[in-house]
Amino acid sequence: METIDQKVINDNKEIYACIQSELYKATFEILLATAWFTDEDLFNILLGKLAEGVRVEVIIADNQENEKLDFGLLVSKGAFVYKIKNSGYGIMNQKFCVIDQRIALHGSYNWSVNAKKNNHESIISTNHSETIRSLIENFHEIKNRILEQNGEPVSKPTIAVSRAELPKGIPVDVSAKAGMEFEQVLDTMIAAEIRNFDRKLLREHGFSRCNANNGDHQVLYKAFDTLYYVFINDIDVVEDKKTRLVAKIEEQRIKSQDNITRNSEIQIDFLERAHVIGKTNLEVSRTNQETELEVTSKSIEKIRQDKIPVLEEKNYQLDKQIKEKEGAILRPKFKWFEFIPTMLFGIVLVFYIFLFYSSGAYILLFSAQDAAEQQLQNIPVAATQIFDSKALHKAFERGGTTPMFILAFPLLLIILSVIDQYARSRWSKLGKAALTVLILFADAVIAYQVTQTIYEINYSRGTVNVPWKFQMVFADPHFYLVFVFGAAGLFLFKVVFKKFISIFEERNPDNITLSNRLAVKHLQEELNSNLEKIAILKEEVAVLEKHSIQLKAEIKHIDLELSNLPQSLNQDLQKRKQQLIQASATIDRIAAIYTTRVQSDNIRISLDALKDRINIFLEGWNDLLFQEYAVSKASLKASQAAQVATEWQDEKLASNVIDKRVKINQDA
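Residue 330 in the UniProt record's numbering sits at position 330 of the sequence shown, and the numbers go up by one each step.
What follows is the structure, given as structure tokens:
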């Protein structure tokens, strides 16, 4: 049963310490996704882990803030850095880190200086396997989206360490490291034994010496010489202390040997488990690669056998249609069922327009004059309407050019209504609109004049007693009747005339040729579009074939790794066992050296032990100074005493008179 170790951290300093600690523990893999990464300390830890052979992958947002650190340096050291753009995939707001597939850190904490110092953040630290697996899958999904956006090939991730990602185990210089640690323990142990002096008594001695000399720092040289000889005398170990030190050295040797053996067993167990994990991972990876290879092969087959042949067949039919259009000019049959009604409508409308507008022209020009003549002859004046059925008859009775003008007037309006049909290619939309307005304006003027004439005749008859005014036209129904009946006839004739022309244009050889050319153009465009699609599909096939070759190479490489795994494990185990032997021998050798030194009174002790005694002595010296003198004077004398201590040490080191058993290489 899985033991879940999970905790919530709300303090920024604790969060940072947790991240730092877990990064230092990383042995083979670090996966990081964060929107902002500006923390240089964490950046340097990643650099250090790269130097140790740990695989590092980082996903960050592509923004100005993340230019503060040199991520190119990470890449040059072997890391994989992916930057996700804000457009297309939304703002990058993932914040998690998975280390060695054993622990996940996720929450609101960005790896930024601001998050460490100012923000109030929280994270969850967990070893829950399902959470870790989910975060790893999420990491690879984001990474693959970035690769797809950049046009790079993507591969399916595996949630286990591959052979290339296995930990490297204990370093080659493990024996030297173990020996160094063992030697440090022995030095500390011996120094503790030698330093076992009465600190209180030494401090009191410094106090009394200062009191006896009134704080004169010049006597300190002799005082330090005395301290030094006492210190050297303490190094000369008596027999009972020798026996005690030798026993402690042997005890520490056995303890160190046990620790190295236990650590070696842990490492060997880890290598064996990692071998099993690596083998499982490679087998899973091989299965994934084979599945992807099969999918790729089917995609290639579908494109070649289905998509491309369909487009090629369409192009064959299009090419056939193009040749038919280019090789034949067929005149369509005459549309008598459209021509005859159009002709009849046109004749009726021409007749109507001539009757209506000839009547209007006569009323406009001669009705008022006829009414005046009738009044002079005492003949009752008949009421005048918008249409005078005897207008043409009266015009011919008048003789001269009157009949010609009366007939020319409606003809002029007919020409005005259809003139745009004779120059269609030259008339813009604005010109046609202006012509329509002109027709309506002319019809409105005629309607106004006819209405005014009718009103004035009625006024002369006494039917109305108010003289004509312009604004009366909007209340007079005669105006609207003349305007509507006149305009309706003109626009209907315009429509009929346009239809009449189109009937003959359809049979025009030039128009047929133009229509065929347009059809050929559209067919050719469709054919070219299909050719482009075929080219794209062929490019896609080429990319898939290249990917297929890569997959086959990866499968072959995985097979090679699988075959080399047993040999590699055996080499690692032999190497670890050899390191154990070397480390054990080193510890035995160092223990023997230290035992010999103890027995021969040649114990090595750090210069720090001597400095410790000098500092205790000076503490007593300073106690007297601050007790007897003012603070300023006491501080001055204390500073002089410290200066003498430094000069005394430098003089001893420079003259090389320090006992050889005192280690001075670290602090001199």
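Idealized CB from N, CA, C, for every residue including glycine. Predicted model, so just to flag it, every value in this text is computed and none were measured.
Contact check, T34 vs C97, beta carbons under 9 Å: Going by C-beta atoms, T34 is nearer than 9 Å to C97.
Here's the rule: buried if 16 or more other CB atoms are within 10 angstroms of the residue's CB, otherwise exposed. What is Y24? Y24 is exposed by the Cβ-count criterion.
Inter-stretch contact (C-beta, 8 Å, three-pair minimum) for the stretch 394 to 410 and the stretch 357 to 364: With three or more CB-CB distances shorter than 8 Å, the stretch 394 to 410 counts as touching the stretch 357 to 364.
For Y352, report the span of its alpha helix (DSSP H) as first-last. First-last of the alpha helix (DSSP H) with Y352: 336 to 362.
Taking C-alpha atoms, which residue in N615, D588, K611 lies nearest to G179? Taking G179 as reference, the option from N615, D588, K611 with the minimal CA-CA separation is D588.
Alpha carbon to alpha carbon, what distance is there between V276 and F270? Taken atom to atom, the span from the alpha-carbon of F270 to that of V276 is near 10 Å.
Inter-residue Cα distance where the pair is T342 and F497: Across the structure, T342 and F497 are spaced so that their CA atoms are roughly 8 Å apart.
Using the rule of at least 16 other Cβ atoms within 10 Å of the residue's Cβ for burial, across every protein chain shown, is D11 buried or exposed? Flag for D11 reads exposed.
Under the three-state reduction of DSSP, which class applies to Y82: helix, strand or coil? The answer is strand: DSSP assigns Y82 an E or B state.
Cβ of E628 within 9 Å of Cβ of N44? The beta carbons of E628 and N44 sit no closer together than 9 Å.
Give me, in chain order, the residues of the same chain whose beta-carbon lies closer than 6 Å to that of I590; leave out the 5 immediate sequence neighbours on both sides. G179, F182, E183.
May I ask which residues mark the beginning and end of the alpha helix (DSSP H) holding K25? Per DSSP, the unbroken alpha helix (DSSP H) holding K25 starts and ends at 12 to 25.
Flag this pair as yes or no: are the beta carbons of N315 and L531 separated by less than 9 Å? Pairing N315 with L531 gives a Cβ-Cβ distance under 9 Å.
By the 10 Å Cβ neighbour count, where 16 or more other Cβ atoms means buried, how is V58 classified, buried or exposed? V58 comes out buried.
What do you get for A26, buried or exposed, if any count of 16 or more other CB atoms within 10 angstroms of its CB means buried? A26 comes out buried.
Which stretch, first to last residue, makes up the beta strand (DSSP E) that contains K469? Element bounds for K469: n/a, residue is neither H nor E.
Tell me, please, whether the stretch 477 to 494 touches the stretch 392 to 403 by the rule of three or more beta-carbon pairs shorter than 8 Å. In this structure the stretch 477 to 494 does not lie against the stretch 392 to 403, because fewer than three pairs of beta carbons, one per stretch, are closer than 8 Å.
Cβ-based neighbour list, L166, same chain, cut-off 7 Å, excluding 5 preceding and 5 following: Any reading at L166 is ruled out, since the residue's pLDDT is 39, under 50, leaving its predicted position unreliable.
Which term fits K577, buried or exposed, when burial requires 16 or more other beta carbons within 10 angstroms of its beta carbon? Residue burial annotation: K577 is exposed, with fewer than 16 other C-beta atoms found within 10 angstroms of its C-beta.
Sub-9 Å separation of I363 and V450 beta-carbons: For the pair I363 and V450, the CB atoms are nearer than the 9 Å cut-off.
Would you mind giving the Cβ-Cβ distance between D318 and S548, rounded to the nearest angstrom? I have them listed as a contact below 8 Å. A small fix is needed here, since residue 318 is Leu in this sequence, not Asp. Contact between L318 and S548 does not hold, since the beta-carbon distance rounds to 33 Å and is not under 8 Å.
Straight-line Cα distance separating Y109 from T131: Cα-Cα distance, rounded: 18 Å.
Tell me whether the beta-carbon of L202 lies closer than 9 Å to the beta-carbon of W111. Their beta carbons are not under 9 Å apart, which means L202 does not touch W111 by this criterion.
Pair within 9 Å by beta-carbon distance, L411 and D443: For the 9 Å CB-CB criterion, L411 and D443 do not form a contact.
Classification of W336 by the beta-carbon crowding that lies within 10 angstroms, buried from 16 upward: Burial state of W336 is exposed, judged by a 10 Å Cβ sphere holding fewer than 16 other Cβ atoms.
What does the alpha-carbon distance come out to for the pair S297 and L544? When the Cα atoms are used, S297 and L544 turn out to be separated by approximately 8 Å.
Given a threshold of 16 other Cβ atoms within 10 Å of its Cβ, counted over all protein chains shown, does P171 qualify as buried or as exposed? Note that P171 has pLDDT 41, beneath the 50 cutoff, so the model's placement of it is unreliable and the number below is only indicative. It is exposed - the Cβ of P171 has fewer than 16 other Cβ atoms within 10 Å.
For a minimum of 4 consecutive residues, which ranges assigned as the alpha helix (DSSP H) are wholly contained in the stretch 555 to 617? List check, alpha helix (DSSP H) in window: nothing returned.
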